[in-house]
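1 is the number of the first residue of the sequence shown in full-length UniProt numbering; add one for each residue after it. Glycine residues also receive a C-beta, built at the ideal position from the N, C-alpha and C atoms. Keep in mind the model is a prediction, meaning the values are calculated, not measured. Notes follow once the structure below has been shown.
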Amino acid sequence: MRKTSIILLFIAVLIGSCKKEQLEPSCLNEFISELKDSPCEDGVQISLFKFQSTNVYLLEQGNCIADGTTEVIDAACQSLGFLGGLAGSDEINGVNFSENSTFIEVVWRK
């Protein structure tokens, strides 16, 4: 009986750990699908920052795209603007992003 209980517990844990990764806010999952198709292997990630007293997410397309941009979105997945690119933009809402933001964590990585 004890062996059966242990086996059933192991199976339950195994099945429970196979869930598809879901992020909050849930709209980030759509961006993950797009980022998975990025030709880059390094640097493709979604990072969480605190900016202007709110959580924002950087959608980083990877290191292999010369002059690529990083989109900045809010918790409702509304675009706030782009960083980098050919012009080297470093402002979001008219404010220097790197000087006025705090990195919190990488929430997803390819």
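Between G81 and D67, the beta carbon gap of about 16 Å keeps them out of contact (Cβ cut-off 8 Å). A direct Cα-Cα distance of roughly 32 Å separates Q52 from P39.
Contact between the region 25-42 and the region 88-99 is absent: fewer than 3 CB-CB pairs across the two stretches fall below 8 Å. Cβ atoms of E99 and L48 stay farther apart than 8 Å, at about 18 Å. Counting only residues of its own chain and dropping the five nearest sequence neighbours on each side, P25 has a CB closer than 8 Å to the CB of A75, A76, C77. Bridge partners of S79 according to DSSP: I73.
The C-beta of T70 has 16 or more other C-beta atoms within 10 Å across all chains shown, which makes the residue buried.
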